[in-house]
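S.K.:
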Amino acid sequence: MDDMLTNLSTYGYVVVFLYSLGGGFVALLGAGVLSYMGKMDLGLSMAVAFTANFIGDALLFYMSRYHKSEMMEYFKKHRRKLAFSHLLIKRHGAWIIVIKKFIYGLKTLVPLAVGLTKYDFWKFSGYNALGALIWTLVVGGGSYLGGAALIEGYELVADKPYLAPIMLLVVGGSLWLYFSAATKKR
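Just so we're aligned, residue 2 is where the sequence shown starts under the working numbering, counting upward by one.
1) Could you tell me how far apart the beta carbons of Gly132 and Ile98 are, in whole angstroms, since I believe they sit closer than 8 Å?
2) What did DSSP end up calling Leu107 once you bin it into helix, strand or coil?
3) Once the 5 residues before and after Leu19 are set aside, which same chain residues still bring their CB inside 6 Å of it?
4) Are the region 162 to 175 and the region 33 to 53 touching by the rule of at least three beta carbon pairs closer than 8 Å?
5) Specify whether the region 26 to 35 and the region 138 to 150 touch according to this definition: at least 3 beta carbon pairs, one from each stretch, less than 8 Å apart.
6) When you compare only the Cα positions, how much space is there between Lys108 and Gly24?
7) Quick check for students: name the residue ranges of the alpha helix (DSSP H) that lie wholly in the region 119 to 164, counting only runs of 4 or more.
8) Residues in its own chain within less than 7 Å of Leu110 by CB, not counting five upstream and five downstream?
9) Just mark Leu178 as buried or exposed, buried being the case when its beta carbon has 16 or more other beta carbons within 10 Å.
10) Taking only the alpha-carbon atoms, compute the straight-line gap between Leu14 and Tyr105 and give it to the nearest angstrom.
11) If you reduce the DSSP assignment to three classes, tell me which class Asp42 lands in.
12) For Val115, does the count of other Cβ atoms within 10 angstroms reach 16, so buried, or fall short, so exposed?
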């Protein structure tokens with residue numbers, strides 16, 4: 002365990018950057034817990050996650066805006082989700098750019114959908130920066146403040162490993178049911 006913590010504290014910032022580039026929050030969650038334990042710097046972890054998350058969404062916007070023909074292969078498989086993203090943008094406006102960072106399945110599609118429209122890049126960047134900042138503060142700060150509870154939960158699962166699959170099934174099943182209902186054709 003100590004070797005793993007040493008490796009994470011050494012290479013953790015690179016992992017946080019690469020994982021946050023795609024909108025993943027688990028690396029930032031881990032960095033928050035490691036910061037609570039004193040193994041990483043919370044401010045640096047959050048700055049790295051913010052930067053990577055902002056860059057990742059800007060790249061997705063750019064790819065869909067200027068490389069539409071290459072992106073259309075990807076869109077063929079996700080037409081319903083793309084249509085749902087367009088509907089959310091029309092219904093909720095620019096705030097969906099901020100909120101989507103917390104909604105699994107829309108993290109990638111919303112910047113791609115916005116890039117297909119005539120939406121201004123600088124306006125998108127402003128909302129993207131605001132969303133990345135809120136996301137970083139909530140996930141990074143929350144995991145730091147809840148570090149003791151997360152460590153205690155990890156130790157419980159380590160002592161009783163049969164609980165892990167049950168917990169994963171409950172959480173995964175709940176998410177699947179929610180998103181199936183949210184994106185269901187009417």
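Cβ coordinates follow ideal geometry from the N, Cα and C atoms, glycine included.
Values in this document were obtained by computation on a predicted structure and should not be read as measured data.
M.R.: Reading it off the structure:
1) The pair is a contact, with the Cβ atoms about 6 Å apart (cut-off 8 Å).
2) Three-state DSSP puts Leu107 in coil, outside helix and strand.
3) Excluding sequence neighbours, Leu19 sits near nothing in its chain.
4) The region 162 to 175, when compared against the region 33 to 53, does not touch it at the 8 Å Cβ threshold.
5) By the criterion of at least three beta-carbon pairs nearer than 8 Å, the region 26 to 35 is in contact with the region 138 to 150.
6) Taking the straight line joining both Cα atoms gives about 6 Å.
7) Taking only runs of at least 4 residues, the alpha helix (DSSP H) segments lying wholly in the region 119 to 164 are 122 to 137, 143 to 146, 148 to 160.
8) Beyond the five residues adjoining it in sequence on each side, Leu110 comes within less than 7 Å, by CB distance, of His79, Lys82, Leu83, Ser86 in the same chain, given in chain order.
9) Here Leu178 is exposed, its C-beta having fewer than 16 other C-beta atoms within 10 Å.
10) The question names Leu, but residue 14 in the sequence shown is Tyr. Annotation: Tyr14 to Tyr105 spans about 23 Å, alpha carbon to alpha carbon.
11) DSSP places Asp42 in the coil class of the three-state scheme, outside both helix and strand.
12) The C-beta of Val115 has 16 or more other C-beta atoms within 10 Å across all chains shown, which makes the residue buried.
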